[in-house]
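Student:
Numbering (the numbering used here), first residue to last: 23 to 351.
#1: Does residue 247 come out as helix, strand or coil in the three-state DSSP assignment?
#2: Return the chain-ordered list of same chain residues with a C-beta closer than 6 Å to the C-beta of residue 186, the five sequence neighbours on each side being excluded.
#3: Roughly how many angstroms separate the alpha carbons of residue 135 and residue 122, rounded to a whole number?
#4: Tell me whether residue 99 is buried or exposed, calling it buried when 16 or more other Cβ atoms sit within 10 Å of its Cβ.
#5: With a threshold of 16 other CB atoms inside 10 Å of the CB of residue 323, please say whether the residue is buried or exposed.
#6: Which same chain residues, not among the five before or five after residue 109, have their C-beta less than 6 Å away from its C-beta?
#7: Where residue 29 and residue 117 are concerned, what is the direct C-alpha to C-alpha distance, given to the nearest angstrom?
#8: In terms of residue numbering, what span does the alpha helix (DSSP H) encompassing residue 40 cover?
#9: Three-state secondary structure (DSSP) at residue 64?
#10: According to DSSP, is residue 17 helix, strand or coil?
#11: Is residue 384 helix, strand or coil when you go by DSSP?
#12: Just the Cα atoms here: how many angstroms apart are residue 76 and residue 271?
#13: Quick one, are the C-beta atoms of residue 255 and residue 39 less than 9 Å apart?
#14: Determine, using beta carbons only, whether residue 95 and residue 87 come nearer to each other than 9 Å.
#15: With a threshold of 16 other CB atoms inside 10 Å of the CB of residue 23, please say whether the residue is buried or exposed.
#16: Determine the direct distance from the alpha carbon of residue 262 to that of residue 361, and round the result to whole angstroms.
#17: Just to check my reading of the structure: residue 133 and residue 37 have Cβ atoms closer than 8 Å, yes? What is that Cβ distance to the nearest angstrom?
#18: Whose C-beta lies closer than 7 Å to the C-beta of residue 175 among residues of the same chain, with five residues either side of it excluded?
#19: Apply the 10 Å Cβ neighbour rule to residue 259 and answer buried if 16 or more other Cβ atoms are within range, or exposed otherwise.
#20: Contact between the segment 156–170 and the segment 52–70 is defined here as three or more beta-carbon pairs at a separation below 8 Å; is this criterion met?
#21: Please classify residue 234 as buried or exposed, where buried requires at least 16 other C-beta atoms within 10 Å of its C-beta.
#22: Can you give me the C-alpha to C-alpha distance between residue 32 and residue 25, rounded to a whole angstrom?
#23: Have a look at 101, 62, 71 and flag the residue whose alpha-carbon is nearest the alpha-carbon of residue 247.
#24: Between the Cα of residue 279 and those of 155, 69, 140, spot the shortest distance and give me the residue it belongs to.
#25: Cα separation between residue 80 and residue 131?
#26: Give every residue of the same chain whose Cβ lies closer than 8 Å to the Cβ of residue 104, excluding the five residues on either side of it in the sequence, and list them in chain order.
#27: Whole-angstrom Cβ separation of residue 264 and residue 172, contact assumed at under 8 Å?
#28: When you compare each of 52, 232, 229 to residue 251 by their alpha carbons, which one comes out closest?
#29: Can you tell me whether DSSP reads residue 182 as helix, strand or coil?
#30: Quick check on DSSP: helix, strand or coil for residue 197?
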């Protein structure tokens with residue numbers, strides 16, 4: 023295996039860890055609610071805390087990478103992530119759980135930007151399509167695996183194991199990063215601690231608003247749906263988790279055929295807007311006609327949402343090339 027493929031492998035492991043932990047806890051909410059005697063509205067902060075920690079550190083990833091080195095910072099991030107996961111599993115109150123989930127999110131938040139910064143410059147522009155396909159595959163498999171794994175762990179052991187489950191993968195990623203990643207010096211030109219100049223572009227501001235709303239919808243439906251299917255319909259956690267798998271596979275198949283079907287048309291309205299809209303229409307129709315089986319649609323929403331996020335990230339790199347990969351120069 024070449025060096026660049028080793029780096030890409032480490033990046034994909036980190037990407038998988040980050041994604042799977044965004045939603046693996048949601049299927050354990052009813053069990054956590056009973057164990058800690060808290061309401062579902064309070065439990066929402068278990069997921070929000072991870073995303074909050076992730077959001078806080080991402081803007082500082084380039085600045086921190088320059089001062090500590092990408093490899094060292096990546097290993098530190100994995101350490102924080104693992105510590106947060108272990109402590110979250112040992113938490114005895116909601117406040118402790120939220121605190122450690124925030125720390126876990128701060129560690130996980132640096133895995134993706136650091137992995138991208140290490141991986142993308144190693145591939146030529148014409149080679150990045152295959153890398154993007156691998157990223158997309160992980161982006162679909164992780165949401166499919168997280169509820170399924172979480173449901174099995176909650177049913178077989180306890181809710182605490184949804185946090186412990188990340189530790190073996192994190193340890194493997196840490197070992198691979200130590201062995202495979204080279205120490206990378208900082209760039210010649212220093213980066214500002216936090217640059218907001220890109221926000222001056224009105225198109226980006228509008229895109230950020232949409233980007234906030236769309237994933238927010240999928241996150242909200244996923245969290246509420248997991249709780250509803252267990253408490254109201256009485257479905258077992260493992261059965262709910264299994265609902266995610268076929269929908270994620272279908273979403274991946276749709277993405278795979280997206281370019282083959284719509285690329286020859288060269289019509290932005292046909293490929294970039296109608297196709298996602300058709301997926302929303304399918305969801306609305308299924309939810310309107312079905313009762314409990316609509317849970318399969320709800321649990322599959324995040325996979326499709328994450329796919330769209332990645333597509334928008336790819337388009338953003340095309341729209342703002344100067345900010346997409348500064349290390350390419």
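Cβ atoms here follow ideal geometry from the backbone N, Cα and C, with glycine treated the same way.
Note that this is a predicted model, so its numbers are computed, not measured.
Tutor: So, from the listed chains and residues:
#1: The residue given as residue 247 occupies position 225 in the chain shown. Three-state result, residue 247: helix.
#2: If you number the chain shown from 1, residue 186 lands on position 164. Listed in chain order, the non-local C-beta contacts of residue 186 below 6 Å within the same chain comprise 111, local neighbours out to five positions each way being set aside.
#3: As a working note, residue 135 is residue 113 in the chain shown. As a working note, residue 122 is residue 100 in the chain shown. Straight across, the Cα-Cα distance linking residue 135 with residue 122 is about 22 Å.
#4: By one-based count along the chain shown, residue 99 stands at place 77. So residue 99 ends up on the buried side.
#5: As a first step, residue 323 is located in the chain shown; it is residue number 301 there, counting from the start. Its pLDDT being 40, under 50, residue 323 is placed unreliably by the model, and nothing is read from it.
#6: Mapped onto the chain shown, residue 109 falls at position 87. Within the same chain, residue 109 has close Cβ partners 122.
#7: Numbered from its first residue, the chain shown carries residue 29 at position 7. Numbered from its first residue, the chain shown carries residue 117 at position 95. In a straight line, the C-alpha of residue 29 is about 37 Å away from that of residue 117.
#8: As a position in the chain shown, residue 40 is number 18, starting the count at 1. Annotation: the continuous alpha helix (DSSP H) that includes residue 40 extends over 25–45.
#9: Against the chain shown, residue 64 aligns to sequence position 42. Residue 64 falls in the helix class under three-state DSSP.
#10: Any answer about residue 17 is impossible in this case: the structure gives the chain only from 23 up to 351.
#11: Here the chain has residues from 23 to 351 only, and residue 384 is not among them.
#12: Taking the first residue of the chain shown as 1, we reach residue 76 at position 54. Taking the first residue of the chain shown as 1, we reach residue 271 at position 249. The straight-line gap from Cα to Cα measures roughly 27 Å.
#13: Looking up residue 255 in the chain shown gives position 233. Looking up residue 39 in the chain shown gives position 17. Their beta carbons are not under 9 Å apart, which means residue 255 does not touch residue 39 by this criterion.
#14: In the chain shown, the residue the question calls residue 95 occupies position 73. In the chain shown, the residue the question calls residue 87 occupies position 65. Between residue 95 and residue 87, the C-beta spacing is below 9 Å.
#15: Stepping through the chain shown from its first residue, residue 23 is reached at position 1. With fewer than 16 other Cβ atoms within 10 Å, it is exposed.
#16: The requested residue 361 does not occur in the structure, where the chain is confined to residues 23 to 351.
#17: Here residue 133 refers to the residue found at position 111 of the chain shown. Here residue 37 refers to the residue found at position 15 of the chain shown. Confirmed, about 7 Å.
#18: The count along the chain shown starts at 1 and reaches residue 175 at position 153. Short of 7 Å from the beta carbon of residue 175, and not among the five residues preceding or following it, lie these beta carbons of its own chain, in chain order: 183, 184, 187.
#19: As a first step, residue 259 must be located in the chain shown, where it is residue number 237. The residue is buried, with at least 16 neighbouring Cβ atoms inside 10 Å.
#20: Contact between the segment 156–170 and the segment 52–70 is absent, because fewer than three Cβ pairs lie under 8 Å.
#21: As a working mapping, residue 234 is identified with position 212 in the chain shown. A residue is called buried once 16 or more other Cβ atoms fall within 10 Å of its Cβ, and residue 234, having fewer, is exposed.
#22: Along the chain shown, one-based indexing puts residue 32 at 10. Along the chain shown, one-based indexing puts residue 25 at 3. Rounded to whole angstroms, residue 32 to residue 25 spans 11 Å at the Cα level.
#23: Numbered from its first residue, the chain shown carries residue 247 at position 225. Taking only the C-alpha atoms, the option nearest residue 247 is 62.
#24: Taking the first residue of the chain shown as 1, we reach residue 279 at position 257. With distances taken between Cα atoms, residue 279 lies closest to 155.
#25: In the chain shown, residue 80 corresponds to position 58, counting from 1. In the chain shown, residue 131 corresponds to position 109, counting from 1. Each residue's alpha carbon lies about 6 Å from the other.
#26: Taking the first residue of the chain shown as position 1, residue 104 is located at position 82. Excluding the 5 residues flanking it on each side, residue 104 has same chain C-beta neighbours closer than 8 Å at 129, 188, 189, 192, 193, 196, in chain order.
#27: Within the chain shown, the letter at position 242 stands for residue 264. Within the chain shown, the letter at position 150 stands for residue 172. With a Cβ gap of about 11 Å, residue 264 and residue 172 do not count as contacting.
#28: As a working mapping, residue 251 is identified with position 229 in the chain shown. Ranked by how close their Cα comes to the Cα of residue 251, the residues 52, 232, 229 have 52 in first place.
#29: Your numbering for residue 182 matches position 160 in the chain shown. Of the three classes helix, strand and coil, the one that applies to residue 182 here is coil, per DSSP.
#30: Counting from one through the chain shown, the residue named residue 197 turns up at place 175. In the structure shown, residue 197 falls within a helical segment according to DSSP collapsed to helix, strand and coil.
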